[in-house]
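To start, the structure under review is shown below, and the notes come after it.
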Amino acid sequence: MKHINWFPGHMAKTIKTLKQQLSQTDIIVELLDARIPFSSRNPIIDTLIQEKHFHIIALTKTDLADETITKEWLTHLKKSHKTVVAINSLKGKGVKQLLSICKQFSDTKKAQKRFYITKVMICGIPNVGKSELINKLAKKKANQVQNKPGVTKKTKGFLLDLHMELIDTPGILWPKLDNQATAKKLALTKSIKETITEDSQLADWLLSFLKDYYPDRLKTRYKLNDINKHNDILIEDISYSMKWLTKNNTPNEEKATRQLIEDFQKQRFGLISLDRISQL
Numbered sequence: 000m001k002h003i004n005w006f007p008g009h010m011a012k013t014i015k016t017l018k019q020q021l022s023q024t025d026i027i028v029e030l031l032d033a034r035i036p037f038s039s040r041n042p043i044i045d046t047l048i049q050e051k052h053f054h055i056i057a058l059t060k061t062d063l064a065d066e067t068i069t070k071e072w073l074t075h076l077k078k079s080h081k082t083v084v085a086i087n088s089l090k091g092k093g094v095k096q097l098l099s100i101c102k103q104f105s106d107t108k109k110a111q112k113r114f115y116i117t118k119v120m121i122c123g124i125p126n127v128g129k130s131e132l133i134n135k136l137a138k139k140k141a142n143q144v145q146n147k148p149g150v151t152k153k154t155k156g157f158l159l160d161l162h163m164e165l166i167d168t169p170g171i172l173w174p175k176l177d178n179q180a181t182a183k184k185l186a187l188t189k190s191i192k193e194t195i196t197e198d199s200q201l202a203d204w205l206l207s208f209l210k211d212y213y214p215d216r217l218k219t220r221y222k223l224n225d226i227n228k229h230n231d232i233l234i235e236d237i238s239y240s241m242k243w244l245t246k247n248n249t250p251n252e253e254k255a256t257r258q259l260i261e262d263f264q265k266q267r268f269g270l271i272s273l274d275r276i277s278q279l
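Now the structure itself:
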């Protein structure tokens, strides 16, 4: 089975740039995908955060995640981090709260030093919603937004007002994805370039996960009665049930695996979270 890893050259350059810029940064807003709060935490970012930084964790894409699981993650994260917010940049949910927190910090600095500009760095893995958040905070389309990784390749600064600057950074992963379950979750949530993964390995992992955590949704989506089977057999059952067949009336497993992935990515199973606190 193919080992999933993605660390293009611009990510290594970005890490060097971040190290240089962090000395002048006041607030670090670390974005985590609400569907994978653990898997989307980049260990490199942890090593870059210094004691002087005001560290905010923001769970993004809450509109795509299982609400019950998101609440559990918020409670868990607040045990080790003072400031944690949940946001939905498309609808603006939580964005005002995040902005208010940053402005409180900025006002404190401004009171100490009249012409101080608070620098707020937005960082996280690829396709976690950095540009969407920047656009919402800036109330304009400052950045290009696409549902694929690697769109932003250079750090950019945007003056929010006379006393606050937002710094958008390219999404970065870490050089070696040793945990392949994490790699598959990153791929399923489109934080890894699709061309370096195989549908069969992603579908196999996803199918096992759905059987364990969302069995009724799996049964309903594909009109299945029994899902307690080996995944290879289950893919065949799905193919027959959904009439995804070849010209010879045999199961079109390639279509079934691709459709399984797309059904997750397009929320056809409903809102799903892939990380569980119990798995830590």
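If you read the sequence shown in numbering that gives the first Met the number 0, its first letter stands for residue 0, the second for the next number, and so on.
Beta carbons are placed, not taken as given, at the ideal position from N, Cα and C, and that holds for glycine.
Fill in: Status (buried if at least 16 other CB within 10 Å, exposed otherwise) for residue 190
Counting from 1 along the sequence shown, the entry for residue 190 is found at position 191. Classification for residue 190: buried.
Worksheet item: Based on the DSSP secondary-structure assignment, which residues constitute the bridge partners of residue 28?
Response: Within the sequence shown, residue 28 is the residue found at index 29, counting from 1. Note: residue 28 sits in a beta bridge opposite 55 and 121.
Practice prompt. Please list, in chain order, all residues of the same chain as residue 60 whose beta carbon is under 7 Å from its beta carbon, the five residues on each side excluded.
Written response: By 1-based counting over the sequence shown, the position of residue 60 is 61. Cβ neighbours of residue 60 beyond the five flanking positions: 32, 33, 34 and 128.
Worksheet entry | Helix, strand or coil at residue 116 [DSSP, three-state] | Translated into the one-based positions of the sequence shown, residue 116 becomes position 117. Note: residue 116 maps to coil in three-state DSSP.
Worksheet item: Thinking just about the alpha-carbon of each residue, which of 131, 170 and 80 is nearest to the one in residue 9?
Response: Along the sequence shown, read from residue 1 onward, the residue named residue 9 stands at position 10. Residue 170 is the option with its Cα nearest to residue 9.
Practice prompt. Going by CA-CA distance only, name the one from 48, 116 and 89 that's closest to residue 101.
Written response: Mapped onto the sequence shown, residue 101 falls at position 102. Residue 101 has its Cα closest to that of 116, out of 48, 116 and 89.
Worksheet item: Contact between the segment 200-218 and the segment 171-188: three or more CB pairs below 8 Å?
Response: yes
Discussion item. Using a Cβ-Cβ cutoff of less than 6 Å, which residues in the same chain neighbour residue 197 once the five nearest sequence positions on both sides are dropped?
Written reply: Residue 197 sits at position 198 when you count from the first residue of the sequence shown. For residue 197, where only same-chain residues beyond five positions count, the Cβ hits under 6 Å are 1.
Worksheet item: Is it buried or exposed for residue 178, if we count other Cβ within 10 angstroms and need 16 for buried?
Response: Within the sequence shown, residue 178 is the residue found at index 179, counting from 1. Exposed, by the Cβ-count rule.
Discussion item. Within 10 Å of its beta-carbon, does residue 135 have 16 or more other beta-carbons around it, so buried, or fewer, so exposed?
Written reply: As a working mapping, residue 135 is identified with position 136 in the sequence shown. By the neighbour-count rule (16 or more Cβ atoms within 10 Å), residue 135 is buried.
Item to complete: Sort out for me which residues DSSP pairs residue 156 with in a bridge.
Response: Reading the sequence shown from its first residue, position 157 is the one you call residue 156. Beta-bridge pairing links residue 156 to 166.
Item to complete: Please list, in chain order, all residues of the same chain as residue 274 whose beta carbon is under 6 Å from its beta carbon, the five residues on each side excluded.
Response: Working through the sequence shown from its first residue, we reach residue 274 at position 275. So the list reads 35, 36, 37 and 38, once near-sequence residues are dropped.
Fill in: Residue environment, residue 91, which counts as buried when at least 16 other CB atoms sit within 10 Å
Along the sequence shown, one-based indexing puts residue 91 at 92. Burial call: exposed.
Fill in: Those runs of the alpha helix (DSSP H) which lie wholly inside the segment 176-255 and span at least 4 residues
179-187, 198-212, 214-221 and 230-240
Worksheet item: Going by Cα to Cα distance, which pick from 161, 51 and 14 is closest to residue 43?
Response: In the sequence shown, residue 43 corresponds to position 44, counting from 1. Minimum Cα distance to residue 43 is reached at 14.
Discussion item. Taking 7 Å as the limit between beta carbons, can you name the residues of its chain near residue 71, skipping five residues before and five after?
Written reply: Position 72 of the sequence shown, counting from 1, holds the residue named residue 71. Answer for residue 71: 276, listed in chain order.
Item to complete: Could you please give the first and the last residue of the uninterrupted beta strand (DSSP E) stretch that includes residue 83?
Response: Here residue 83 corresponds to residue number 84 of the sequence shown, with the count starting at 1. Residues 83-85.
Item to complete: Report the partner residues of residue 92 according to the DSSP bridge assignment.
Response: Residue mapping note: residue 92 aligns to position 93 of the sequence shown, counting from 1. 87, per the DSSP bridge assignment.
Discussion item. I need the straight-line Cα distance from residue 231 to residue 238, nearest angstrom please.
Written reply: Locating residue 231 in the sequence shown gives position 232, counting from the first residue. Locating residue 238 in the sequence shown gives position 239, counting from the first residue. Going by the C-alpha atoms only, they are around 11 Å apart.
Fill in: C-alpha distance - residue 174 paired with residue 259, whole-angstrom precision
Here residue 174 is taken as the residue at index 175 of the sequence shown, counted from 1. Here residue 259 is taken as the residue at index 260 of the sequence shown, counted from 1. Straight-line Cα distance between these residues: approximately 29 Å.
Worksheet item: Just curious, the alpha helix (DSSP H) that residue 130 is in, first and last residue?
Response: Position 131 of the sequence shown, counting from 1, holds the residue named residue 130. Per DSSP, residue 130 belongs to the alpha helix (DSSP H) from 129-137.
Practice prompt. Just the C-alpha distance for residue 94 and residue 212, rounded to the nearest angstrom, thanks.
Written response: Counting from one through the sequence shown, the residue named residue 94 turns up at place 95. Counting from one through the sequence shown, the residue named residue 212 turns up at place 213. Approximately 30 Å, taken between the alpha carbons.
Discussion item. Suppose you measure from the CA of residue 53 to the CA of residue 216; what does that come to, to the nearest Å?
Written reply: The residue you call residue 53 lines up with position 54 of the sequence shown. The residue you call residue 216 lines up with position 217 of the sequence shown. Roughly 41 Å between the two C-alpha positions.
Practice prompt. Verify whether the separation of the beta carbon atoms of residue 265 and residue 241 is less than 9 Å.
Written response: Position 266 of the sequence shown holds residue 265. Position 242 of the sequence shown holds residue 241. Taking 9 Å as the Cβ cut-off, residue 265 and residue 241 do not qualify as a contacting pair.
Discussion item. If distances are taken between C-alpha atoms only, which option among 192, 234 and 176 comes closest to residue 210?
Written reply: By 1-based counting over the sequence shown, the position of residue 210 is 211. Comparing Cα-Cα distances from residue 210 to each of 192, 234 and 176, the minimum goes to 234.
Item to complete: Mind checking which residues open and close the alpha helix (DSSP H) that includes residue 45?
Response: In the sequence shown, counting from the first residue as 1, residue 45 sits at position 46. Where residue 45 is concerned, the enclosing alpha helix (DSSP H) stretches over 42-47.
Fill in: Alpha-carbon spacing of residue 77 relative to residue 155, whole angstroms
Start at 1 with the first residue of the sequence shown, and residue 77 comes out as number 78. Start at 1 with the first residue of the sequence shown, and residue 155 comes out as number 156. Roughly 29 Å separates the two Cα atoms.
Fill in: Coarse secondary structure for residue 10, derived from DSSP in three states
Within the sequence shown, residue 10 is the residue found at index 11, counting from 1. Note: residue 10 maps to helix in three-state DSSP.
Discussion item. In whole angstroms, give me the CA-to-CA distance for residue 3 and residue 176.
Written reply: On the sequence shown, residue 3 is found 4 positions in, with the first residue counted as 1. On the sequence shown, residue 176 is found 177 positions in, with the first residue counted as 1. Near 7 Å, if we compare the C-alpha coordinates of residue 176 and residue 3.
Discussion item. According to DSSP, simplified to helix, strand and coil, what is residue 64?
Written reply: Counting from one through the sequence shown, the residue named residue 64 turns up at place 65. Reduced to three states, the DSSP call for residue 64 is coil.
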